[in-house]
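Quick note, the sequence shown lines up with residues 1036 to 1098 if you use the working numbering. Each residue gets a CB set at the ideal place from its N, CA and C atoms; glycine is no exception. Computed from a predicted structure; not experimentally measured.
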Amino acid sequence: MGTTYSSDCRSSAVSEFMRGVYWWRMPQLLEANVLGHEADLPGWYWTGEVQMNCMRQSIGQTL
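This is the structure we're talking about:
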């Protein structure tokens, strides 16, 4: 029987993976913005100060 994860925890796993790729491919990705996004990331993305435990743990592991 497989393990079921909430969509919030799945999205945090994707975020954690992408953060790892981002740092792995620096400095090439420092200026890359292939999707053209302009908005700043929320403050909790950089601090891990969020109420959802799975997000707090995954962000905390990558800081």
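{"Item": "Only counting the same chain, and skipping five residues up and downstream in sequence, which positions put a Cβ closer than 7 Å to that of PRO1077?", "Value": "none"}
{"Item": "Using DSSP with H/G/I as helix, E/B as strand and the rest coil, what is ASN1088?", "Value": "helix"}
{"Item": "Look at the alpha carbon of GLU1051 and the alpha carbon of ILE1094, and state the distance between them as a whole number of angstroms.", "Value": "7 Å"}
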